[in-house]
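Asks: Sharing a structure below in structure tokens format, with a few things to ask.
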Amino acid sequence: MLRSIVLGIGSYLPERVVTNDDMARMVDTSDEWIRERTGITRRHFAAEGEATSDLAVAASLRAIEAAGIDRNSIDLVLVATSTPDNTFPATATAVQRKLGLPVGIAFDLQAVCAGFAYAISVADALLVTGRARRALVIGAETFSRILDFEDRGTCVLFGDGAGAVVLAAAEQPGHVGDRGVLATALGADGRQYDHLYVDGGVSSTQTTGVLRMNGREVFRHAVQRLSEAAIEVVAKAGLRLADIDYLVPHQANRRIIEAVGKRLDIAPDQVIVTVDRHANTSAASIPLALDVAVKDGRIGEGDLLVLNAMGGGFTWGAALLRW
Ligand code: UT7
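The opening residue of the sequence shown carries number 2 in the numbering used here; numbering runs sequentially from there.
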């Protein structure tokens with residue numbers, strides 16, 4: 002049967018590093034508070050004029066190189082983002098143009114911090130049904146552009162970045178030992194719309210708006226939904242949580258990640274944590290974390306991974322993937 006297997010991964014963080022001390026010069030906060038409550042030590046902010054598509058292109062070039070493929074074989078570009086270059090066209094078409102990719106399918110997907118989990122699931126559906134052969138699946142964000150730098154409760158939590166994978170349809174034997182995406186699980190609950198949102202938009206205010214969040218409610222739901230999504234996706238494949246080699250969760254807050262690891266009874270050294278070095282980069286956080294663990298040799302071929310995320314909406318999702 003056809004499975005979507007990862008041929009290569011790459012990521013990119015903008016050059017400008019903003020430390021917690023830098024944030025403390027903007028708002029009434031401290032390095033100590035940010036570290037203790039979130040585990041974050043620094044974030045990267047895009048340069049003036051550096052757009053989400055630029056971050057996406059930089060990550061994609063690395064993913065394409067790692068995959069060792071001819072970029073002309075890419076027939077699907079999917080960008081998970083809540084911070085597109087423009088209202089339209091899709092940032093995916095900007096990526097397509099900047100990379101000189103051939104005519105194919107290209108669109109953006111908006112599921113906020115759950116965007117990459119959603120994008121893997123959608124790309125997988127297109128690949129295993131033969132609608133596309135090779136996909137560039139990207140999470141890319143410039144959240145620094147939608148932060149209220151007078152709100153200490155939110156502006157210290159987010160950063161900019163991008164991560165990308167080349168996902169390709171490949172024949173596999175058709176059992177749980179296969180490489181590739183083995184299962185995905187997605188969900189959303191619009192009743193929670195008001196807990197995490199941007200207070201502007203095209204059809205509401207005709208402004209870009211800034212991020213607003215009820216941190217405590219988001220925290221509570223995040224632990225629950227991230228855990229449930231992981232349990233659901235493993236069960237869908239007929240496997241057990243004990244079979245997982247690594248959990249690669251959305252990187253929002255170290256305390257959320259640790260609570261999820263505990264709830265799922267996954268040992269801390271099997272949980273990938275990179276939030277300290279880039280803060281919450283929304284849809285980019287999972288591929289950023291994944292890339293670090295692949296490059297440092299923790300994740301290797303044959304490893305069974307659960308990627309799980311939760312974001313505004315609320316939206317959540319998970320993918321079970323054999324590397
Ligand atoms: O992808 C999902 C995106 N969002 C998230 O993952 C965020 C989820 N939520 C969280 O991570 C946590 O709720 C926060 C990190 C946002 C906050 O942590 P908390 O332990 O829930 O703190 P809190 O909101 O209960 O605030 C505790 C105190 C408050 O002061 P008082 O009212 O107790 O005097 C806040 O005003 O900390 C204060 N505070 C800060 N102090 C210093 C809030 N932000 C800051 C700050 N620096 N940056």
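Glycine residues also receive a C-beta, built at the ideal position from the N, C-alpha and C atoms.
Please report the distance separating the alpha-carbon of Arg-214 from that of Arg-153.
Replies: For the purposes of this step, residue 214 is identified with residue 213 of the sequence shown, where counting begins at 1. For the purposes of this step, residue 153 is identified with residue 152 of the sequence shown, where counting begins at 1. Here residue 214 turns out to be Met, not Arg, going by the sequence shown. Each residue's alpha carbon lies about 11 Å from the other.
Asks: Within 10 Å of its beta-carbon, does Met-207 have 16 or more other beta-carbons around it, so buried, or fewer, so exposed?
Replies: Taking the sequence shown and counting its residues from 1, one reaches residue 207 at position 206. Here residue 207 turns out to be Gln, not Met, going by the sequence shown. Within a 10 Å sphere around the beta-carbon of Gln-207 sit fewer than 16 other beta-carbons, which makes this residue exposed.
Asks: Mind checking whether Leu-291 and Ala-238 have CB atoms under 7 Å apart?
Replies: Against the sequence shown, residue 291 aligns to sequence position 290. Against the sequence shown, residue 238 aligns to sequence position 237. In this structure, Leu-291 sits away from Ala-238, with a CB-CB distance that is not shorter than 7 Å.
Asks: Tell me whether Asn-281 sits in a helix, a strand or coil according to DSSP, three-state version.
Replies: As a working note, residue 281 is residue 280 in the sequence shown. DSSP places Asn-281 in strand when its eight states are reduced to three.
Asks: If I measure Cβ to Cβ from Ala-136 and keep anything under 8 Å in the same chain, skipping five residues before and after, which residues do I get?
Replies: Counting from one through the sequence shown, the residue named residue 136 turns up at place 135. Around Ala-136: Ser-5, Ile-75, Asp-76, Leu-77, Val-78, Leu-79, Ala-124, Leu-127, Leu-128, Val-167, Leu-168, Ala-169.
Asks: With a Cβ-Cβ cutoff of 7 Å, do Thr-1 and Ala-284 count as a contact?
Replies: Any answer about residue 1 is impossible in this case: the structure gives the chain only from 2 up to 324.
Asks: Using DSSP with H/G/I as helix, E/B as strand and the rest coil, what is Thr-206?
Replies: On the sequence shown, position 205 is the one that residue 206 refers to. It is coil, neither helix nor strand.
Asks: Can you find a heavy atom of the ligand UT7 that lies under 6 Å from the Cβ of Gly-216?
Replies: If you number the sequence shown from 1, residue 216 lands on position 215. Gly-216 Cβ: within cutoff of the ligand UT7.
Asks: Please classify Met-2: does DSSP put it in a helix, a strand, or coil?
Replies: Translated into the one-based positions of the sequence shown, residue 2 becomes position 1. Correct three-state label for Met-2: coil.
Asks: Rank Asp-71, Pro-174, Gln-193, Val-96 by C-alpha distance to the C-alpha of Arg-134 and give the top, closest one.
Replies: The count along the sequence shown starts at 1 and reaches residue 134 at position 133. Among Asp-71, Pro-174, Gln-193, Val-96, the Cα nearest to that of Arg-134 is on Asp-71.
Asks: Taking all protein chains shown into account, decide if Ala-186 is buried (16 or more other Cβ within 10 angstroms of its Cβ) or exposed.
Replies: Here the question's residue 186 lines up with position 185 in the sequence shown. Ala-186 comes out buried.
Asks: Starting from the Cα of Leu-102, find the closest Cα among Thr-30, Asp-149, Ser-61, Arg-36 and give me that residue.
Replies: In the sequence shown, residue 102 corresponds to position 101, counting from 1. Nearest C-alpha to Leu-102: Ser-61.
Asks: Can the beta-carbon of Ala-95 be found less than 7 Å from the beta-carbon of Leu-8?
Replies: The residue labelled residue 95 in the question sits at position 94 within the sequence shown. The residue labelled residue 8 in the question sits at position 7 within the sequence shown. No. Outside cutoff.
Asks: Check this for me: beta carbons of Phe-117 and Gln-193, under 7 Å apart or not?
Replies: As a working mapping, residue 117 is identified with position 116 in the sequence shown. As a working mapping, residue 193 is identified with position 192 in the sequence shown. No, these two residues do not count as a Cβ contact at 7 Å.
Asks: Is DSSP giving Ile-65 helix, strand or coil here?
Replies: Taking the sequence shown and counting its residues from 1, the one referred to as residue 65 is at position 64. Ile-65: helix per DSSP, three-state reduction.
Asks: Consult DSSP for Thr-82 and reduce its assignment to one of helix, strand or coil.
Replies: Here residue 82 corresponds to residue number 81 of the sequence shown, with the count starting at 1. The answer is coil: DSSP assigns Thr-82 none of H, G, I, E or B.
Asks: Would Pro-85 and His-45 be called neighbours here (beta carbons separated by less than 7 Å)?
Replies: Against the sequence shown, residue 85 aligns to sequence position 84. Against the sequence shown, residue 45 aligns to sequence position 44. No, the Cβ-Cβ distance between Pro-85 and His-45 is not below 7 Å.
Asks: What ranges does the beta strand (DSSP E) occupy inside the region 172-208, keeping only unbroken runs of at least 3 residues that lie completely in it?
Replies: 181-189, 197-199
Asks: Counting Cβ pairs closer than 8 Å, one from the region 10-30 and one from the region 258-270, do we hit at least three?
Replies: no
Asks: Rounded to whole angstroms, what is the Cα-Cα separation between Val-211 and Gly-175?
Replies: In the sequence shown, residue 211 corresponds to position 210, counting from 1. In the sequence shown, residue 175 corresponds to position 174, counting from 1. When rounded, the distance between both Cα atoms is 46 Å.
Asks: Return yes when the Cβ of Asn-309 is within less than 7 Å of the Cβ of Leu-158, no when it is not.
Replies: Residue mapping note: residue 158 aligns to position 157 of the sequence shown, counting from 1. Residue mapping note: residue 309 aligns to position 308 of the sequence shown, counting from 1. Contact flag unset, no.
Asks: Any chance the CB of Trp-317 is under 6 Å from a heavy atom of the ligand ADP?
Replies: With respect to the ligand ADP, the structure offers nothing, as its ligand set consists of the ligand UT7.
Asks: Spell out the partners DSSP gives Tyr-119 in its beta bridges.
Replies: If you number the sequence shown from 1, residue 119 lands on position 118. Looking at the DSSP assignment, Tyr-119 forms no beta bridge with any residue, so it has no partner.
Asks: Following the continuous alpha helix (DSSP H) through Ala-231, name the residue where it begins and the one where it ends.
Replies: As a first step, residue 231 must be located in the sequence shown, where it is residue number 230. Run containing Ala-231: 216-237, per the alpha helix (DSSP H) assignment.
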